[in-house]
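Worksheet: one structure, shown below.
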Amino acid sequence: MRTTAFIAIMVTALASAAAGPAAASTTGEYVALGDSAAAGPLILPPDLSSPGCLRSLLDYPHVATKELGVPLTDVTCSGATTADMTAPQQTSSGAVPPQLNALSERTRTVTVTIGGNDVGLVGAATSCINLLPGINPDCVDRYTAGGHDQLAEKIAAFEPVWGELLEAIHTHAPNAAVYVAGYGTYLPHNGCWPIAPLTPRDANYIQGSIDKTNAALARQAAAHDAHYVDVRTASIGHDVCKLPGVKWFEGVLPTSVAAPMHPNADGMAAIGGLVAAAISG
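Here the numbering used here = 1-based position in the sequence shown + 109.
Structure representation (structure tokens):
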């Protein structure tokens with residue numbers, strides 16, 4: 110999902126201070142595509158080969174490839190949208206190539222996590238932060254004014270685009286099995302204000318919109334010869350409201366080195382395990 114400018118500044122500083130050479134980019138048997146939910150911004154150590162992508166060397170593709178024992182090309186990039194799969198993406202350290210450029214006939218496995226930025230899930234969650242519930246109105250009323258659910262309509266509009274992306278992945282990597290990893294359970298039912306400063310209605314609306322995105326991705330995976338990896342179900346009980354060591358996702362105020370409203374290192378380890386298990390069968 111899309112990250113804020115301060116995250117880019119923090120990761121650039123961390124990358125500048127980190128020791129060791131930049132990781133070489135090679136075409137691997139396993140190619141990872143996606144946004145910051147796959148890239149793991151702020152999780153140490155950073156991938157110095159693309160500092161503007163805020164990618165971690167402990168993101169779920171790296172966890173999965175270690176379990177699978179296959180070469181990896183990780184081109185996940187924070188802020189990525191579906192459009193960035195086929196066009197260069199601008200980052201704080203310059204443009205990066207279209208992610209589909211990493212695919213070839215030699216690719217045997219592809220994972221992709223995409224869609225959150227297309228519909229603006231993180232922006233919506235941020236806009237729903239409410240420090241004075243009962244005084245400030247619930248944001249769900251704004252997002253559903255006039256009988257139109259803005260996020261649901263965006264998800265419906267983008268669903269066929271995600272299907273088109275899967276077809277493009279097959280075209281670029283005709284010999285690869287494709288796995289779509291969904292988004293997690295960030296918020297429990299009714300949330301946990303003030304730990305996650307959203308009212309119960311808003312927390313349910315935001316998580317419900319994430320669930321709608323997952324459902325659309327799952328439908329498109331089934332329709333376009335791809336496998337869907339269900340992160341939502343496995344992450345129930347590991348939401349932002351839980352204690353460190355239990356939660357897989359950070360809230361607005363992170364309690365570990367990870368981006369707000371993104372997976373932390375524990376989450377990436379768990380998601381990587383789910384992805385590896387799906388790939389290995």
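From the three backbone atoms N, C-alpha and C, an ideal C-beta is built for every residue, glycine too.
What you are looking at is a predicted structure, and each value in this text was computed from that prediction instead of being measured.
Cβ-based neighbour list, Ser344, same chain, cut-off 7 Å, excluding 5 preceding and 5 following | Gly293, Thr294, Trp357
Quick one: is Asp247 buried, meaning 16 or more other Cβ sit within 10 Å of its Cβ, or exposed?
-> buried
Have a look at Ala312, Thr190, Ile304 and flag the residue whose alpha-carbon is nearest the alpha-carbon of Ala233.
-> Ala312
Thinking Thr218 and Tyr139 are a contact (beta carbons under 8 Å), I'd like their distance in whole angstroms, please.
-> 4 Å
Please go through the same chain and pick out, in chain order, the residues whose beta-carbon is closer than 6 Å to the beta-carbon of Ile380, but skip the five residues on each side of it.
-> Tyr169, Val340
Quick one: residues in its chain with C-beta nearer than 6 Å to the C-beta of Leu212, no 5 flanking neighbours on either side, listed in chain order?
-> Val140, His281, Ala282
Just the C-alpha distance for Val184 and Ala204, rounded to the nearest angstrom, thanks.
-> 13 Å
Enumerate, from N- to C-terminal direction, the unbroken alpha helix (DSSP H) stretches of 4 or more residues contained entirely within the segment 249 to 330.
-> 259 to 281
Exposure label - Gln199; buried when at least 16 CB within 10 Å = exposed
Beta strand (DSSP E) segment containing Val205, residue limits = 203 to 205
Would Ala266 pass as a contact of Gly291 if the rule is Cβ separation under 9 Å?
-> no
With distances taken Cα to Cα, identify the nearest neighbour of Ala387 among Asp156, Tyr288, Leu166.
-> Tyr288
DSSP-derived helix/strand/coil call for Gly407 | The structure shown does not extend to residue 407, since the chain is modelled only from 110 to 390, so the question has no answer here.
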